[in-house]
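*Asks:* Pasting a structure here, questions to come.
Protein chains in written order, with the working numbering: chain A, 32 to 553; chain B, 692 to 1133.
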């Protein structure tokens, strides 16, 4: 057991504390706060933070080694009006809280040229760098390939790359978040928005089954950036560039934005009321004719709640209706970091980009197991369609555009044989042109719900932007099909899911919290 | 003192080869140690002799050795710090170029005492001649069974390697040296762990100066009492470990008649060194001041030349320590602004850039002095210089290594001791491109 005594400056930044005790150090009487840190091995910054005392820092970061070099005294241009970091800058915050209004330094500041060539996703405003070396340590310790290093000496030191070896690893953009000032900036986000206009929502990256906890920053219904949110239960501190920069389709003008019904050769726009009514009728008819010829395909991009609702709806029509899992995109193998200079992964692994490029296979599978008993694959659905065994097929897809697409031309040729083909998706695909009902799907950034990652960690996602045009979130459409009233409210649906499907029992309160809840597989 | 026979430099002028060295009694202390003494006894002798490190900090050599973990199962390394970069300092170069085998013998004794099996001799790049001489000597030592396995048939195994740095002052800082040796940028490490616990290649490591190791040879040869008979005991009887004992190499340079390296027992006064060994200030001029131990230690005014050049006495005049015992004299016509400018330029150039106070502080001080020399100095600049000089470094606790203590110390020292001259210079608005910078570092 250990107690740390942190002395306070007389003003304590204008926040007087009542829990101080008087101590004497070398004859000097001081006010201090006693902080019990138990058996934890903490540095002073961490220990003081437990007692609610902020010790300003730049170079320290919980995921990196300690260098203890910054110690606050800086050569930094007054770029704030044109700097992307302004508003979320540690230096700006520290100088507001602790700094002086005037500087004794009248000398010209050192301002080396910018380095836009430093990486394809990252640019370097060299003169803003305060040499905390967080980025250098990140590329050595976490991504591993050590693209960044310090060149020159003294106050001419700069961050740089070796010629022709840019910072292009898949974790590169994390240095932008690590940079406590605006020296390393994201090319994707550069000059797009002032950060104080952004509204931040806690969410989960949908790009692979790692399920990185993230913040989604949006403004006026446009997603502007994703950045990682610390979560020791999920990925830790970072996220990969594939996920970080893979959100643009959410803002895409190509997206379906209104429901359509086939009228002859044409897919004509129709109001939701008509679409839902017609769809309910046609599905009910199809079930009446032959329930085993009706199949629902649930994509691993659905939230657990959505999967639950559509499964409940289709199984509610008849127990004979079958449910299958949509295609699970897998690209290559799990990609682990750090890597050595030759690109070979090394131990211990600090970050994994998973080959399974979807956020919720496990969650959807558990719903399918509950309602269907086992998990039918997409290939079997395609085979049934090819064999002419299907009268109705509901494709709850919602796939993001990725190379190769989620459904091939060949598969589409089989699927189009189904008379009642319902496609609920984000973007045109080989199959969407053959639909009888084409429903616009909501993207993950527009939904509330639950994703279960590769390790069975249930995390909540929250909507950051509203769906485009007439689009309704998938959950809302399913509720409408179920003829249930009201709006899709994730915590309520989660409670219902937890009660009905034992795998999700741990979510019974409806609330998940920021770090998620680990679900033990049954 | 006048009749003091050089010990460390006794072989200056003699042939460098191993035969000559052995003929002059060399490697007998090593044989004696291997035959008669156990490693802990050697460490105790070195402690008893009061040998303090000659590299600058003056840390007790025996104490440093005793910090190594006992019964360490893996390798222990010895690094010999020949990155002698402190401006005006050249005693190790002189020592190695004139008697390389003495240093090798010191290395072997240190390895025996500390159970180190590998010695890395880290040469600054500029010491090409010294490195070549040392390489030759190492080759001879291997050929004579004095390096390698089973040295002198006594089961001592030591391999020695020369590593040449690529030229940076910071490589002389012991953990900077270790980083550089490992092939990394020489950014000093945070201590603890100290090198004795985790040093080169994460193994226990001793870093010693060649002059210190040479002293060990003579402590073994002539005994701790002989060593302690030279020099000056501590002025504070309660802290006897503060004494300055043994022979010391003093470098003398600057505006004097006879610059050079002199071996003198510890404790000579600055005035005596200049007059007796340096032949007085050149051109019949008077001295304005002197740097007593390499730039980092501070500046003595001519009135303070009664200061004894040992580990203790210089503190009387706010000098940081003996440093490398490299005395540089500047005459009465030298502008103190130029002296300080040159010092600032050196440290700004050599600050490694890791810790912000040093990186920015040294650059800032240089910019102020440049502006001053351009005729645009302000009186408040002197306060800024003194304040910055006071706030950077290990002593105020703002940096990882002592480079910035050394950078700040002479500047705040000079501003304090020569303030009137600075003020007169600023007032005159003089624009100055000085002819020759007296303290240009080699």
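A virtual CB, placed ideally from N, CA and C, is assigned to each residue, including glycine.
Could you confirm whether any beta carbon from chain B is found closer than 8 Å to the beta carbon of residue 121(A)?
*Replies:* Locating residue 121(A) in the first chain gives position 90, where the first residue counts as 1. Chain B, which has no Cβ nearer than 8 Å to the Cβ of residue 121(A), makes this no.
*Asks:* Strictly under 8 Å for the Cβ-Cβ distance: is residue 135(A) near chain B by that measure?
*Replies:* For this step, residue 135(A) is matched to residue 104 along the first chain. Yes, contact with chain B.
*Asks:* If we define contact as Cβ-Cβ less than 8 Å, is residue 1126(B) a contact residue for chain A?
*Replies:* Counting from one through the second chain, the residue named residue 1126(B) turns up at place 435. Residue confidence is low: residue 1126(B) scores 41 on pLDDT, short of 50, so the model does not pin down where it sits. Its coordinate-derived value is still stated next. Judged by the 8 Å Cβ criterion, residue 1126(B) is not in contact with chain A.
*Asks:* Rounded to whole angstroms, what is the Cα-Cα separation between residue 1106(B) and residue 697(B)?
*Replies:* Translated into the one-based positions of the second chain, residue 1106(B) becomes position 415. Translated into the one-based positions of the second chain, residue 697(B) becomes position 6. Cα-Cα distance, rounded: 38 Å.
*Asks:* Just mark residue 946(B) as buried or exposed, buried being the case when its beta carbon has 16 or more other beta carbons within 10 Å.
*Replies:* One-based indexing of the second chain puts residue 946(B) at position 255. Its Cβ being crowded by 16 or more others within 10 Å, residue 946(B) is buried.
*Asks:* State the DSSP-derived secondary structure class of residue 128(A), mapped to helix, strand or coil.
*Replies:* The count along the first chain starts at 1 and reaches residue 128(A) at position 97. In the three-state DSSP reduction, residue 128(A) falls in the helix class (H, G or I).
*Asks:* Going by CA-CA distance only, name the one from 429(A), 282(A), 300(A) and 162(A) that's closest to residue 338(A).
*Replies:* Residue mapping note: residue 338(A) aligns to position 307 of the first chain, counting from 1. When each option's Cα is compared against that of residue 338(A), the closest is 429(A).
*Asks:* Which value, in whole angstroms, describes the spacing of the CA atoms of residue 438(A) and residue 304(A)?
*Replies:* Sequence index remark: in the first chain, residue 438(A) carries index 407 (1-based). Sequence index remark: in the first chain, residue 304(A) carries index 273 (1-based). Cα-Cα distance, rounded: 29 Å.
*Asks:* In chain A, which residues lie with their C-beta within 8 Å of the C-beta of residue 1053(B)?
*Replies:* Sequence index remark: in the second chain, residue 1053(B) carries index 362 (1-based). Those within 8 Å of residue 1053(B) in chain A are 185 and 186.
*Asks:* Closer than 6 Å by C-beta to residue 777(B): which residues in its own chain qualify, once you throw out the five before and the five after it? Chain order, please.
*Replies:* Taking the first residue of the second chain as position 1, residue 777(B) is located at position 86. Closer than 6 Å at the Cβ level, and outside the excluded window around residue 777(B), lie 985 and 1015.
*Asks:* Run the CB neighbour count on residue 1127(B), radius 10 Å, all protein chains shown included, and call it buried at 16 or more, exposed below.
*Replies:* Translated into positions along the second chain, residue 1127(B) becomes position 436. Residue confidence for residue 1127(B) is low, a pLDDT of 34 falling below 50, so the modelled location carries little weight and cannot support an answer.
*Asks:* Please confirm whether residue 432(A) and residue 473(A) have their CB atoms less than 8 Å apart.
*Replies:* Here residue 432(A) is taken as the residue at index 401 of the first chain, counted from 1. Here residue 473(A) is taken as the residue at index 442 of the first chain, counted from 1. No.
*Asks:* Suppose contacts are defined by Cβ-Cβ distances below 8 Å. Is residue 1102(B) in contact with residue 1073(B) by that definition?
*Replies:* Looking up residue 1102(B) in the second chain gives position 411. Looking up residue 1073(B) in the second chain gives position 382. No.
*Asks:* For the region 62 to 72 of chain A against the region 106 to 118 of chain A, do three or more pairs of beta-carbon atoms, one drawn from each stretch, fall closer than 8 Å, so that the two count as touching?
*Replies:* no
*Asks:* If residue 412(A) and residue 355(A) are in contact, beta carbons under 8 Å, what's the gap, nearest whole angstrom?
*Replies:* Translated into the one-based positions of the first chain, residue 412(A) becomes position 381. Translated into the one-based positions of the first chain, residue 355(A) becomes position 324. About 4 Å separates the two Cβ atoms, so the contact holds.
*Asks:* Who are the neighbours of residue 161(A) on chain B, taking C-beta pairs under 8 Å?
*Replies:* One-based indexing of the first chain puts residue 161(A) at position 130. Going along chain B in sequence order, the residues near residue 161(A) (Cβ under 8 Å) are 1047.
*Asks:* Please identify the residue among 162(A), 197(A) and 176(A) whose C-alpha is closest to the C-alpha of residue 187(A).
*Replies:* For the purposes of this step, residue 187(A) is identified with residue 156 of the first chain, where counting begins at 1. Comparing Cα-Cα distances from residue 187(A) to each of 162(A), 197(A) and 176(A), the minimum goes to 162(A).
*Asks:* Determine the closest residue to residue 504(A) out of 383(A), 526(A) and 281(A), with distance taken between C-alpha atoms.
*Replies:* Taking the first residue of the first chain as position 1, residue 504(A) is located at position 473. Checked all of 383(A), 526(A) and 281(A); the closest Cα to residue 504(A) is 281(A).
*Asks:* Going by beta carbon distance, what residues of the same chain come within less than 6 Å of residue 1046(B), once the five residues before and after it are set aside?
*Replies:* Against the second chain, residue 1046(B) aligns to sequence position 355. Sequence-distant Cβ neighbours of residue 1046(B) in its own chain, meaning closer than 6 Å and more than five residues away, are 1090 and 1091.
*Asks:* I believe residue 879(B) touches residue 864(B) by the beta-carbon criterion, under 8 Å. Please report the beta-carbon distance rounded to the nearest angstrom.
*Replies:* As a first step, residue 879(B) must be located in the second chain, where it is residue number 188. As a first step, residue 864(B) must be located in the second chain, where it is residue number 173. The Cβ separation is near 5 Å, so the contact holds.
*Asks:* What is the rounded straight-line gap between the Cα of residue 956(B) and the Cα of residue 1038(B)?
*Replies:* Start at 1 with the first residue of the second chain, and residue 956(B) comes out as number 265. Start at 1 with the first residue of the second chain, and residue 1038(B) comes out as number 347. Taking the straight line joining both Cα atoms gives about 31 Å.
*Asks:* Hey, does residue 1095(B) have any beta-carbon neighbour from chain A nearer than 8 Å?
*Replies:* In the second chain, residue 1095(B) corresponds to position 404, counting from 1. False, the Cβ-Cβ gap to chain A never drops below 8 Å.
*Asks:* Using a Cβ cut-off of 8 Å (strictly closer), state whether residue 105(A) contacts chain B.
*Replies:* Your numbering for residue 105(A) matches position 74 in the first chain. Residue 105(A) counts as touching chain B.
*Asks:* Nearest chain A C-beta to residue 1133(B) closer than 8 Å, yes or no?
*Replies:* Here residue 1133(B) refers to the residue found at position 442 when the second chain is read from its first residue. Residue confidence is low: residue 1133(B) scores 31 on pLDDT, short of 50, so the model does not pin down where it sits. Its coordinate-derived value is still stated next. False, the Cβ-Cβ gap to chain A never drops below 8 Å.
*Asks:* Determine the closest residue to residue 1001(B) out of 925(B), 994(B) and 1059(B), with distance taken between C-alpha atoms.
*Replies:* The residue you call residue 1001(B) lines up with position 310 of the second chain. Measuring from the Cα of residue 1001(B), the nearest candidate turns out to be 925(B).
*Asks:* Specify whether the region 345 to 359 of chain A and the region 151 to 161 of chain A touch according to this definition: at least 3 beta carbon pairs, one from each stretch, less than 8 Å apart.
*Replies:* no
*Asks:* Confirm, please, whether the CB-CB distance from residue 734(B) to residue 724(B) is below 8 Å.
*Replies:* Counting from 1 along the second chain, the entry for residue 724(B) is found at position 33. Counting from 1 along the second chain, the entry for residue 734(B) is found at position 43. In this structure, residue 734(B) does not lie closer than 8 Å to residue 724(B) by Cβ.
*Asks:* Since residue 911(B) is in the alpha helix (DSSP H), which residue starts that stretch and which ends it?
*Replies:* To locate residue 911(B), count along the second chain from 1; it is residue 220. From DSSP, the alpha helix (DSSP H) with residue 911(B) extends over 901 to 913.
*Asks:* Under the three-state reduction of DSSP, which class applies to residue 1126(B): helix, strand or coil?
*Replies:* As a working mapping, residue 1126(B) is identified with position 435 in the second chain. Unreliable positioning characterises residue 1126(B) in this predicted model, as indicated by a pLDDT of 41, which lies under 50. The coordinate reading is nonetheless provided below. Residue 1126(B) falls in the coil class under three-state DSSP.
*Asks:* Is there contact between the region 232 to 249 of chain A and the region 520 to 528 of chain A, where contact requires at least three CB pairs shorter than 8 Å?
*Replies:* no
*Asks:* So is residue 491(A) buried or exposed if we call it buried at 16+ other beta carbons inside 10 Å?
*Replies:* Counted from its first residue, the first chain places residue 491(A) at position 460. Classification of residue 491(A): buried, given that the 10 Å Cβ count is 16 or more.
*Asks:* Closest by CA to residue 897(B), which one among 720(B), 978(B), 771(B) and 934(B)?
*Replies:* Position 206 of the second chain holds residue 897(B). Cα-wise, what sits closest to residue 897(B) is 771(B).
*Asks:* For residue 755(B) and residue 887(B), which I take to be in contact (beta-carbon distance under 8 Å), what is that distance rounded to the nearest angstrom?
*Replies:* The residue labelled residue 755(B) in the question sits at position 64 within the second chain. The residue labelled residue 887(B) in the question sits at position 196 within the second chain. Residue 755(B) to residue 887(B), Cβ: 7 Å. Contact.
*Asks:* Cutting at 7 Å between CB atoms, please list the residues of its own chain near residue 406(A), excluding the five before and the five after it.
*Replies:* As a first step, residue 406(A) is located in the first chain; it is residue number 375 there, counting from the start. The residues are 356, 396, 399 and 400.
*Asks:* Residues in its own chain within less than 8 Å of residue 273(A) by CB, not counting five upstream and five downstream?
*Replies:* Reading the first chain from its first residue, position 242 is the one you call residue 273(A). These residues qualify, in order along the chain: 201, 238, 239 and 384.
*Asks:* Which runs of the beta strand (DSSP E) fall wholly inside the region 376 to 449 of chain A and span at least 3 residues, in chain order?
*Replies:* 382 to 384 and 423 to 427
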